[in-house]
């Protein structure tokens with residue numbers, strides 16, 4: 009697979025990889041793993057549970 013990035017995308021990826029002390033490839037692979045995982049669905053479900061279970065507390069905190 010070849011991944012073609014714009015100059016801005018490549019620079020942002022390079023900067024992030026450098027800041028994290030890793031390779032551009034490792035950053036891209038981690039992003040892909042996150043994208044294809046079901047973590048976002050689990051996170052939405054957890055947020056929904058907190059919203060439902062703690063509705064009264066959240067209402068009081070919002071005042």
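Numbering (the working numbering), first residue to last: 9 to 71. Ideal Cβ placement from N, Cα and C applies to all residues, glycine included.
Asked: Inter-residue Cα distance where the pair is residue 55 and residue 45; Found: 17 Å
Asked: CB-CB length for residue 25 against residue 32, believed under 8 Å; Found: 5 Å
Asked: Close beta carbons around residue 21, own chain, < 8 Å, minus the five adjacent residues each side; Found: 13, 32, 35 and 36
Asked: Whole-number beta carbon distance between residue 59 and residue 66, since they are thought to touch under 8 Å; Found: 7 Å
Asked: Cα-Cα separation, residue 52 to residue 11; Found: 30 Å
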